[in-house]
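J.: Residue 1519 in the numbering used here sits at position 29 of the sequence shown, and the numbers go up by one each step.
Yeah, the Cβ is synthetic: ideal placement off N, Cα and C, and Gly gets one too.
Predicted model only: the values in this text are computed from it and were never measured.
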Amino acid sequence: MSTNTPISGAVSVARAGTNKTFAGPAEWFTGTVNVEMLFTAPEPATVSGGLVTFLPGARTDWHTHPLGQTLVVTSGFGRVQHWEGPLQEIRPGDVVTIPAGVKHWHGAAPDTAMSHIAIQQAQGGQSADWMEKVSDAQYPR
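Below, the structure is given as structure tokens:
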């Protein structure tokens, strides 16, 4: 059966290159960061995902997620750290699981860009609670 009429509840395809891309706001990031929103699930689901690209040295501020977050590193080399925890290097293919409420940051290595897909759920309309900047001492070169 061939038809051009969409079927209610059928599979949909969002074409690459058609998603909204924006600069990561300075109040949440240090350095140059680009965010391409890949999906926001229709209600009642609350999950969303985006491809986040950090230029060398760029990083998030400290933050938490009410229902946790999963990062899938797609290219480059980066770093992730939870509050008072060890600095960890991340690379393509790594999957980072951040539990709900854990204060953390993530971003590129000092001399290498890094991209990851970030997947999180919202609770009460909010998917992150943003906090203070990661200091230079917390981000060693």
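Between the Cα of Leu1545 and those of Pro1600, Glu1622 and Ala1627, spot the shortest distance and give me the residue it belongs to.
T.: Pro1600
J.: Three-state secondary structure (DSSP) at Phe1529?
T.: Three-state DSSP puts Phe1529 in a strand.
J.: In whole angstroms, what separates the C-alpha of Ser1538 from that of His1572?
T.: Approximately 22 Å between the Cα atoms of the pair.
J.: Bridge partners for Arg1549 per DSSP, in chain order?
T.: Thr1520 and Gly1597
J.: In angstroms with no decimal places, state the Cα-to-Cα distance between Pro1589 and Thr1508.
T.: CA-to-CA, the gap between Pro1589 and Thr1508 works out to about 31 Å.
J.: Among Ile1607, Trp1620 and Gln1611, which residue has its Cα nearest to the Cα of Thr1543?
T.: Comparing Cα-Cα distances from Thr1543 to each of Ile1607, Trp1620 and Gln1611, the minimum goes to Ile1607.
J.: Would you kindly work out how many angstroms separate the C-alpha atoms of Ser1644 and Thr1554, rounded to a whole number?
T.: The first residue shown for the chain is 1491 and the last is 1631, placing residue 1644 beyond what the model contains.
J.: Are the CB atoms of Ala1548 and Gly1591 nearer to each other than 7 Å?
T.: no
J.: Around the Cβ of Leu1561, are there at least 16 other Cβ atoms within 10 angstroms (buried) or fewer (exposed)?
T.: buried
J.: Could you spell out where the beta strand (DSSP E) holding Phe1567 opens and where it closes?
T.: Counting along the chain, Phe1567 falls outside any beta strand (DSSP E), and DSSP gives it neither H nor E.
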